[in-house]
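**Student:** I have a structure here, written as structure tokens, and I will follow up with some questions on it.
Protein chains in written order, with this note's numbering: chain A, 1 to 140; chain B, 1001 to 1140.
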């Protein structure tokens, strides 16, 4: 079955906590990550929490990128979801991991919108839980 | 391992195509779904495509809700991601399925941000691919 979208779900551990708490920096990283994926940006919505943490989403013509950060834990939850043949969600994933200085990465790829002949859409996961930092993502 | 967040990934098939193409209605459904989940809304970002289709995200204090629609296929891809003990992402899922008149639902729950003693965060899936409409979600 052919999928309409590719959705990367990632937990990044041992990130730079100063980066994770900086709204403008996080927004800049996510917007540039969307461009790295060759996506077309439509809308952005970011919010900084008190005392810390940032949540934000970049709506793209090809779906969305999202981030939620827990600076006190060095942890960020990332979603990179793109549709179509022209985008590269893994390029965005590498870019975000690099700029958050993530040391450990737990990543799964979800094929979204796999259809059968009756017009029923489903999804499928391929899981890649890995420790070891950036090099793993770069060779994915 | 305890998880920080619960992320419902859903593909809804055989939805009402008129609803799927109406930006204001989709936004209204997603905002109300966030409230159904007892989430606190922080930001919204929605976009309507030409000739059809809507993408949008509701950033909540507890993470985000997202939707992407393909009216011509009767298909919508939904993400409902909440953190904390006070929210009910399944209530939001039921609300969206109900208001899109989704007949077939493919749903998985992802536990996000499961940590071990070394501060390494990962995730885990429980998959529930089901045909049969709303009653399945309501009994989940």
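Where a beta carbon is used, it is the ideal one built from N, C-alpha and C, also for glycine.
Could you have a look at residue 68 (chain A) and say whether DSSP puts it in helix, strand or coil?
**Tutor:** Note: residue 68 (chain A) maps to strand in three-state DSSP.
**Student:** List the whole-angstrom C-beta distance separating residue 10 (chain A) from residue 105 (chain A), where the pair is believed to meet the contact cut-off of C-beta under 8 Å.
**Tutor:** Between residue 105 (chain A) and residue 10 (chain A) the Cβ distance is about 6 Å, and since that is below 8 Å, they are a contact.
**Student:** If you measure between the beta carbons of residue 1044 (chain B) and residue 1054 (chain B), is that distance less than 7 Å?
**Tutor:** Not in contact: residue 1044 (chain B) and residue 1054 (chain B) (Cβ atoms no closer than 7 Å).
**Student:** Could you give the DSSP three-state label for residue 1042 (chain B): helix, strand or coil?
**Tutor:** Residue 1042 (chain B) falls in the strand class under three-state DSSP.
**Student:** List, in order along the chain, the chain B residues whose C-beta lies closer than 7 Å to that of residue 94 (chain A)?
**Tutor:** Per Cβ cutoff of 7 Å: no residues; residue 94 (chain A) is ~18 Å from chain B at best.
**Student:** Quickly, what does DSSP pair residue 111 (chain A) with across the bridge? List them, please.
**Tutor:** Answer by DSSP bridge pairing, in chain order: A:6, A:124.
**Student:** Could you please give me the residues that DSSP links to residue 1048 (chain B) through a beta bridge?
**Tutor:** The partner list for residue 1048 (chain B) (beta bridge, DSSP) reads B:1054.
**Student:** Check whether the Cβ of residue 55 (chain A) lies closer than 7 Å to any Cβ atom in chain D.
**Tutor:** The chain inventory of the structure shown lacks chain D, comprising the protein chains A and B.
**Student:** How many angstroms separate the CA atom of residue 1047 (chain B) from the CA atom of residue 59 (chain A)?
**Tutor:** Taking the straight line from one Cα to the other gives about 8 Å.
**Student:** Should the region 32-39 of chain A be regarded as contacting the region 89-98 of chain A, the criterion being three or more beta carbon pairs within less than 8 Å?
**Tutor:** The region 32-39 of chain A is in contact with the region 89-98 of chain A.
**Student:** Anything in chain B within Cβ reach of residue 45 (chain A), meaning under 7 Å, just list it in chain order.
**Tutor:** Near residue 45 (chain A) (Cβ distances below 7 Å), the residues of chain B are 1043, 1044, 1045, 1057, 1059.
**Student:** What is the DSSP secondary structure of residue 1021 (chain B), reduced to helix, strand or coil?
**Tutor:** If DSSP states are grouped into helix, strand and coil, residue 1021 (chain B) belongs with coil.
**Student:** By Cβ distance below 8 Å, which residues in the same chain neighbour residue 1026 (chain B) in space, the five residues on each side in sequence not counted?
**Tutor:** Excluding residues within five positions, the ones whose Cβ falls inside 8 Å are 1019, 1020, 1046, 1054, 1056, 1067, 1069.
**Student:** DSSP state of residue 1101 (chain B), grouped into three classes?
**Tutor:** In this structure, residue 1101 (chain B) counts as coil in the three-state DSSP scheme.
**Student:** Candidates B:1031, B:1012, B:1006: which alpha carbon is nearest residue 164 (chain A)'s?
**Tutor:** What is shown of chain A runs 1 to 140, which leaves residue 164 (chain A) out entirely.
**Student:** If you run the structure through DSSP and keep just helix, strand and coil, what is residue 93 (chain A)?
**Tutor:** In the structure shown, residue 93 (chain A) sits in a helix (DSSP, three-state: H, G or I).
**Student:** Is the beta carbon of residue 109 (chain A) less than 7 Å from the beta carbon of residue 8 (chain A)?
**Tutor:** Contact flag set, yes.
**Student:** Run the CB neighbour count on residue 1071 (chain B), radius 10 Å, all protein chains shown included, and call it buried at 16 or more, exposed below.
**Tutor:** Counting Cβ neighbours within 10 Å, residue 1071 (chain B) comes out buried, since at least 16 surround it.
**Student:** Closer than 9 Å, Cβ to any Cβ of chain A: which residues of the region 1070-1086 of chain B, in chain order?
**Tutor:** Under the 9 Å Cβ criterion, the region 1070-1086 of chain B contributes 1070, 1073, 1074, 1075, 1076, 1077, 1079, 1081, 1083.
**Student:** Can a CB atom of chain B be found closer than 7 Å to the CB of residue 28 (chain A)?
**Tutor:** Not an interface residue.
**Student:** Starting from the beta carbon of residue 123 (chain A), find every residue of chain B whose beta carbon is closer than 8 Å, and list them in chain order.
**Tutor:** Those within 8 Å of residue 123 (chain A) in chain B are 1009, 1011, 1106, 1108.
**Student:** For a cutoff of 7 Å on Cβ pairs, would you count residue 33 (chain A) as touching chain B?
**Tutor:** No - not a single Cβ of chain B is within 7 Å of the one on residue 33 (chain A).
**Student:** Got a sec: is the Cβ-Cβ distance from residue 1117 (chain B) to anything in chain A below 7 Å?
**Tutor:** Not one chain A Cβ lies under 7 Å of residue 1117 (chain B).
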